[in-house]
Amino acid sequence: MPSFSARCRPALFALAALALLTGAATAQPGATKFDFDIPSQPLAHAVNHIGQITGTSVLIEGEGDGLTSPPLEGSMTIDAALQSVLRDSRGRYRFTAQGSLVVELPARTRATTPAEGATVTLDTVVVTASGYVQQLTDAPATMTVIRGEDLTARPIADALRDVPGLSVGVSGRDGGSPITLRGMGQPYVLFMVDGKPLSASEEAAYNGNGTGSKSGFLPPAAAIDRIEVIRGPMSALYGSAALGGVVNVITRPVPESWSGNADLGLSPDTGSTEARFMYGGPLIRDRLGLMLYGGRSDRQGRLPPDGSALRRGHSERVNLVGRLSWNLTRDHSLDLDLWRSRQRFEHGAGGGRIRDNGASLTHRIRWSAGAETVSFLFRETTDFDADYQSGHDALTFSTRSSLPWGPHHLTFGFEHRH
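In this text, residue positions in the sequence shown follow my numbering: the first is -19, and each later residue adds one.
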């Protein structure tokens, strides 16, 4: 009788061959043609625009200062488009095994300030796709990363509209904007903050009040480091709530020195206002830190045609979050987050309030050889108070460990929701 290893060897060879074929197929761009109409602009901007049109994750290495792309117009493959915009430069491009696009632009030769929004370096890392830190080009998912700097001049909803495959709907009666990913409605799009799921279930809402409320519970832009958007199912890692995709908001860490910022916006046409702030610093240097951030948005509705003083469609959102970070040792840390969010809306059919309060305790431990364990206990209470009252409580405990194993990562853990 042949041994177990002898019986398994043909199957292993077949699996290895299949993996190589699959990787080769993934690494090659498809022959699909796309319609382009891109005017002449900084070369890095043009490359990013090509990625948005084709739905490809783009990583740019180098600065490319002073380089301008020629106009790009017509129907062509992504290969033809890249060759066209890069033909007058020394830029090169390649596709990774996961289908991401890496463009190498000429390195900067003198100390200059990069053009705003022109460069994404190889230091860009993500955590949502696999549960551990990795390069964006190595992520086994179709991802888009929105940097915090891109949110200073526009709302989060506007920034999300630039993500391929993501649609931001018209504001509902409570002022919220429902989001769909690749045709999957908001109940199948998982919203997370620092890897912790927002459980503000819209199934607890009554008669449509609360549609799109999840996006209203996200942190203000002043506290956001980046937003990681996965376009496609991630149920294997995050459960059935991620059938359409994941929107993970990564907040900034507590500053090493006391600092902060504040922004105030005003729309003269409607009288709508928006304010947001972030302030934090060390209580005990290298040990204990505190950060506070929040925001308030007051959107005024349009005046009725009869000229009366009553405005219709008014909505207000207020978010306030506090974080206490404690570094027990160099490899152990605890984060305590407390938050309170409120949305109030008025419309022709009435009005109501949505309140979301919560707390989380997160523990991180870094083992040797790059291994890490992240655990958190998360409690959230959501109340919908409109014509009828409804709501729910959620308690989540999760622990997940990531262990490097040669060229691979082994991820395992446990999660319980109540």
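In this text, a Cβ means the ideal position worked out from N, Cα and C, and glycines have one as well.
What you are looking at is a predicted structure, and each value in this text was computed from that prediction instead of being measured.
1) Under the criterion of a Cβ to heavy atom distance below 8 angstroms, does P22 qualify as lining the ligand MG?
2) For R333, which residues from the same chain have a beta carbon less than 6 angstroms from its beta carbon, with the 5 sequence-adjacent residues on both sides left out?
3) Does the distance from the C-beta atom of R297 to that of M258 stay below 9 angstroms?
4) What three-state label does DSSP hand T34 in the structure shown?
5) Determine the DSSP secondary structure at E236, reduced to helix, strand or coil.
6) Would you say the segment 121 to 141 touches the segment 204 to 224, given that touching needs at least three Cβ pairs under 8 angstroms?
7) Let me know the secondary structure DSSP gives Q63 once reduced to three states.
8) Should D315 go down as buried or exposed, given a rule of 16 or more other Cβ atoms within 10 Å for buried?
9) Within the 9 angstroms Cβ cut-off, does I230 reach chain C?
10) Of the choices L357, G386, W385 and D363, whose alpha-carbon is the least far from that of E395?
11) Buried or exposed: F392, going by 16 or more other Cβ atoms within 10 Å of its Cβ?
12) Which of helix, strand or coil does DSSP assign to H25?
13) If contacts are defined as beta-carbon pairs under 8 angstroms, then E254 and S220 qualify, I think. What distance do you get, rounded to the angstrom?
14) Are the beta-carbon atoms of S64 and L47 separated by less than 9 angstroms?
15) If distances are taken between C-alpha atoms only, which option among R162, P387, P248 and G261 comes closest to A212?
16) Using C-beta distances below 6 angstroms, list every residue in its chain close to T342, excluding the 5 sequence neighbours before and after it, in chain order.
17) Where does the unbroken alpha helix (DSSP H) through Y218 begin, and where does it stop?
18) With a cut-off of 8 angstroms on the beta carbons, I'd call A339 and D317 a contact; round off their distance for me.
19) Name the DSSP bridge partner or partners of F392?
20) Please state whether DSSP places L314 in a helix, a strand or coil.
21) Using the DSSP secondary-structure output, state which residues sit across from S340 in a beta bridge.
22) For the candidate residues T36, R303 and R346, whose alpha-carbon lies nearest to that of V234?
23) Use the C-beta contact count for Y256: other C-beta atoms within 10 angstroms, 16 or more gives buried, fewer gives exposed.
24) Which stretch, first to last residue, makes up the beta strand (DSSP E) that contains D400?
25) Got a sec? Which residues, its chain only, sit under 6 angstroms from W319 by beta carbon, not counting five neighbours each side?
26) Which residues bound the beta strand (DSSP E) around D17?
27) Since R267 and W238 are thought to touch, with beta carbons under 8 angstroms apart, how far apart are those beta carbons, to the nearest angstrom?
28) Suppose the cutoff is 6 angstroms on Cβ atoms and the five residues either side in sequence are ignored; what does the same chain contact list for H29 look like?
29) If you draw a straight line from the C-alpha of E41 to the C-alpha of V229, how long is it?
30) Assign L390 to buried or exposed, taking buried as 16 or more other Cβ atoms, counted over all protein chains shown, within 10 Å of its Cβ.
31) Tell me the DSSP bridge mates of H372?
32) Please list, in chain order, all residues of the same chain as E399 whose beta carbon is under 6 angstroms from its beta carbon, the five residues on each side excluded.
33) Answer with buried or exposed for K13, where buried requires no fewer than 16 other C-beta atoms within 10 angstroms of its C-beta.
34) For A24, count neighbouring Cβ atoms within 10 angstroms of its own Cβ and tell me buried if that reaches 16, exposed if not.
35) Over the uninterrupted beta strand (DSSP E) stretch that includes V255, give me the two end residues.
36) Looking at the secondary structure, which residues open and close the beta strand (DSSP E) in which D278 lies?
According to the structure data:
1) In the structure shown, the ligand MG is absent, as is every other ligand, since no ligand is present at all.
2) R324 and D365
3) no
4) helix
5) coil
6) yes
7) helix
8) buried
9) Absence of chain C from the displayed structure is noted, only one protein chain being present.
10) L357
11) exposed
12) helix
13) E254 to S220, Cβ: 34 angstroms. No contact.
14) no
15) Just to set this straight, residue 212 is Gly in the shown sequence, not Ala. With distances taken between Cα atoms, G212 lies closest to R162.
16) D315 and F356
17) S215 to Y218
18) 7 angstroms
19) S381
20) strand
21) D317 and F358
22) R303
23) Sequence inspection shows Arg at residue 256; the Tyr mentioned does not correspond to that position. Buried.
24) Examination of residue 400 is not possible in this model, given that the chain is present from -19 through 398 alone.
25) V301 and G338
26) K13 to I18
27) No, R267 and W238 are not in contact; Cβ-Cβ is about 15 angstroms, not under 8 angstroms.
28) I18
29) 24 angstroms
30) exposed
31) T362
32) Outside the shown range of the chain (-19 to 398) lies residue 399, about which nothing can therefore be said.
33) exposed
34) buried
35) One detail in the question is off: residue 255 reads as Ala in this sequence, not Val. T253 to I264 is the extent of the beta strand (DSSP E) around A255.
36) L268 to R279
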